[in-house]
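Residue numbers for the sequence shown follow the working numbering, so the first one is 64 and each next one is one higher. I have placed the structure first, in the form of structure tokens, so that the comments after it can refer back to it.
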Amino acid sequence: QTFAFNKIWTFSHTGNTARSLARYILAYGSGYVLNWLLLALMVDRCGYPHTIVQGVAILLVALWLFVLQKYWVFPAPLAASAQNKAL
């Protein structure tokens, strides 16, 4: 349901649904990997408290996923992008 809500409501995407879904799955997979890497590096290697690292990781992964969804998963059509830049 988050895919549908983000596609329709958040990003108003009208492009190819199958491609967007595949990219969405890859984006969230990368978010899990990023979260795991941050924990492995900062907790296991550097010794920082896991609660603080996870708190920061939540913010970083959320930002990462938003950027991926805005520009890669649900990109604006090229014509709309050109119009917005002209304004």
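For every residue, glycine included, the Cβ atom is placed at its ideal position computed from N, Cα and C. Everything numeric in this text was worked out from a predicted model, so none of it was measured.
Environment of residue i [buried if 16+ CB atoms lie within 10 Å]
| i | result |
| --- | --- |
| Asn10 | Lying before the first or after the last residue shown, residue 10 is absent from the chain, which here runs from 64 to 150. |
| Tyr87 | buried |
| His113 | exposed |
| Ser75 | exposed |
| Ala90 | buried |
As assigned by DSSP and simplified to three states, the class of residue i
| i | result |
| --- | --- |
| Ala139 | coil |
| Phe74 | coil |
| Gln64 | coil |
| Tyr111 | coil |
Residue range of the unbroken alpha helix (DSSP H) whose run includes residue i
| i | result |
| --- | --- |
| Leu104 | Per DSSP, Leu104 belongs to no alpha helix (DSSP H) and is neither H nor E. |
Same chain, Cβ closer than 8 Å to residue i, neighbours up to 5 away in sequence not counted
| i | result |
| --- | --- |
| Tyr111 | Met105 |
Beta-carbon contacts of residue i that lie in its chain and below 6 Å, excluding the five residues immediately before and after
| i | result |
| --- | --- |
| Val124 | Gly94, Leu97, Asn98 |
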